[in-house]
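Converting from the sequence shown to the working numbering requires adding 1334 to each position, the first position being numbered 1. Glycine is no exception: its CB is placed at the ideal position from the N, C-alpha and C atoms.
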Amino acid sequence: MEANRKWLSIPEQTRKMLIGNVFCSQCLDAVTIKDFIITGDPAGVVLEGKCAACGHPVARVVEMDN
Ligand SMILES: [Zn+2]
């Protein structure tokens, strides 16, 4: 399955939670990711974007069953 479709198969509430809970190594805190793209990963999908607070590049792996 294409990465973007995989991502969209996750319930919206869960997606919102994931988007708002990405670790930023600059802020040293959980932040909201912005301007992100979805890429494929053997474990699931990866969100790659920027920290909404400081603009530092951040990424989050979302592990999925398939
Ligand atoms: Zn940040």
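- Between the region 1345 to 1352 and the region 1369 to 1376, the count of C-beta pairs closer than 8 Å stays below three; the two stretches do not touch.
- The bridge partners DSSP lists for P1376 come to none.
- Counting along the chain, E1336 sits inside no alpha helix (DSSP H), nor does DSSP assign it H or E at all.
- A direct Cα-to-Cα measurement between M1351 and A1377 gives close to 19 Å.
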